[in-house]
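Novice: Okay, handing you the structure first.
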Amino acid sequence: MNKIIGFIGGGNMASAIIGGILQSGLAPKEGIIASDKLEEARRLLQERFGVRITEDNRKTAETADILFLAVKPHLFPDVITEIKDSIRSDTLLVSIAAGQSIAAIEGRFGREIRLVRAMPNTPALVGAAMSALSPNQNVCEEELAEVVSIFESFGACEVISETMMDAVVGVSGSSPAYVYMFIEAMADAAVADGMPRAQAYKFAAQAVLGSAKMVLETNTHPGALKDAVCSPGGTTIAAVAVLEEQGMRSAVIKAQRACVEKSREMGKENSK
Ligand SMILES: NC(=O)C1=CN([C@@H]2O[C@H](COP(=O)(O)OP(=O)(O)OC[C@H]3O[C@@H](n4cnc5c(N)ncnc54)[C@H](O)[C@@H]3O)[C@@H](O)[C@H]2O)C=CC1
Ligand SMILES: O=C(O)[C@@H]1CCC=N1
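Okay, so the sequence shown: first residue is 1 according to UniProt numbering, each after it adds one.
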C-alpha cells in the first residue's frame with residue numbers, strides 16, 4: 001500500500017496494529033506516522049517499530065491518507081477539536097474507540113467526513129486479530145476495501161452493522177482479557193501440580209489455540225467437540241462437572257453482558 005497510515009495515540013492497540021501491519025509487509029515503516037503526548041510511548045514506538053513519530057497530532061493528521069483515532073474514548077472531544085482543521089476532505093478516518101458512535105464522531109467534526117468505525121483486538125500484534133468495521137455513508141466501496149485490507153493484514157475482519165458494535169466489544173474486543181484469565185488459571189493449576197510455570201503457560205495456551213482452530217476449521221459445534229474429549233467415566237467429564245457446578249458458562253455470559261452494557265453506557269455518555 002503506498003498510502004501514509006497515521007495514528008493519533010500510540011498506546012497498546014495502536015502498537016498492536018502497527019506491529020501487525022509491519023509484520024505482514026502491507027506498509028513499510030516509512031509509511032507509518034504516529035503521534036502521542038507521552039514521551040515514553042513515542043520512544044517505545046520508535047524503538048520497537050522504527051516508524052515516524054511526533055508529539056504533534058496536527059502533523060500526523062495532515063500527513064496521513066488513512067488516519068487512525070487510537071486514543072481513549074474520553075479524549076475524543078479534545079483530540080478532534082485539535083485536528084479537525086488539519087485533515088483533508090479525502091482523509092479516511094478510522095476510529096477504534098469503544099463506545100464512540102459514527103454519529104457522535106461526525107458531530108464533533110461538524111462537517112462531512114469519511115469514517116470507518118472499527119473494533120479490533122490486541123492479537124493484531126501477532127497477526128491473529130478479530131476486527132469489525134462499520135463505514136459511514138461517505139466511504140465508497142474502494143475506500144472500504146482499502147481499510148479491510150489493512151485490518152486483514154493482521155487478522156480476520158468483517159464488515160457489520162453499527163448496531164452490533166457493542167456486542168462485538170464483548171465477544172472479541174475485550175474477550176482476549178477473559179481468555180488470558182482462563183489460561184492463567186489453567187497454568188496455576190498445573191503449577192500447583194508441579195509443572196514449571198513457563199511450561200504450564202505453553203501447555204495451557206497451545207490447548208486454547210488448538211481448540212479455537214478446531215472450532216474455526218472443522219465446522220463442528222463446540223458442544224460436539226467438547227463431547228468428543230469426554231470419555232465415559234473419564235477425566236474430562238470430572239472437570240466439566242465441576243465447571244458446570246461452579247457456573248462457568250453463566251459467569252462468562254454475565255461478564256460479557258456487563259462488558260456490552262458498559263459499552264452502551266459509554267456510547268450514551270459520549271453522544272451528549
Ligand atoms: N486495548 C484494547 O484491547 C483495545 C482498545 N481499543 C480502543 O483503542 C483505543 C486506545 O486504547 P489503548 O491503546 O488500549 O489505550 P492506551 O492508553 O494504551 O493508548 C492510548 C495512547 O494515547 C495517548 N494519548 C493520550 N492523550 C493523547 C493526546 N491528546 N494525543 C495523542 N495521544 C494521546 C496515550 O499517551 C497513550 O499512549 C481506545 O479508544 C480503546 O477503546 C479497541 C479495541 C481493543
Ligand atoms: O477496555 C476497553 O475499554 C477497550 C475496548 C475493547 C478492549 N479494550
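No residue lacks a Cβ here, since even glycine has one placed at the ideal position from N, Cα and C.
Since this is a predicted model, take the numbers as computed values, not measurements.
Is it true that the segment 120-132 meets the segment 154-170, where meeting means three or more beta-carbon pairs spaced less than 8 angstroms apart?
Specialist: Yes, the segment 120-132 is in contact with the segment 154-170.
Novice: Exposed or buried, which one is Gln100 when buried takes at least 16 other CB atoms within 10 Å?
Specialist: A residue is called buried once 16 or more other Cβ atoms fall within 10 Å of its Cβ, and Gln100 is buried on that count.
Novice: For Met214 and Pro222, what's the separation of their Cα atoms in angstroms?
Specialist: 9 angstroms
Novice: For Ala98, verify whether its CB is less than 6 angstroms away from any heavy atom of ligand 2.
Specialist: yes
Novice: Assuming Ala129 and Gly20 are in contact, meaning their beta carbons sit under 8 angstroms apart, how far apart are those beta carbons, in whole angstroms?
Specialist: For Ala129 against Gly20, the beta-carbon gap comes to about 7 angstroms, under 8 angstroms, which counts as contact.
Novice: Would you call the CB atoms of Lys3 and Asp65 closer than 7 angstroms?
Specialist: The beta carbons of Lys3 and Asp65 sit closer together than 7 angstroms.
Novice: Would you report the Cα separation of Val179 and Met248, rounded to the nearest angstrom?
Specialist: Rounded to whole angstroms, the gap between the alpha carbons of Val179 and Met248 is 13 angstroms.
Novice: Going straight from the alpha carbon of Val71 to that of Ile8, what length do you get?
Specialist: A direct Cα-to-Cα measurement between Val71 and Ile8 gives close to 7 angstroms.
Novice: Pull up the distance between the alpha-carbon of Ser164 and that of Ala132, whole angstroms please.
Specialist: Ser is not the amino acid found at residue 164; the sequence shown has Met there. Taking the straight line joining both Cα atoms gives about 9 angstroms.
Novice: With three or more beta-carbon pairs closer than 8 angstroms as the criterion, would you say the segment 182-196 touches the segment 46-61?
Specialist: no
Novice: Measure from the alpha carbon of Arg88 to the alpha carbon of each residue in Ile96, Phe76, Ala61, then state which is nearest.
Specialist: Ala61
Novice: With a threshold of 6 angstroms (Cβ to nearest heavy atom), would Ser174 be considered close to ligand 2?
Specialist: yes
Novice: Compare the beta carbon distance of Glu112 and Asn138 with 7 angstroms and say whether it is the shorter of the two.
Specialist: yes
Novice: Contact defined as beta carbons within less than 8 angstroms: I believe Ser271 pairs with Ala103. What is the distance between those atoms, to the nearest angstrom?
Specialist: 7 angstroms
Novice: Starting from Glu158, follow its DSSP beta bridges and name the residues at the other end.
Specialist: Ala132
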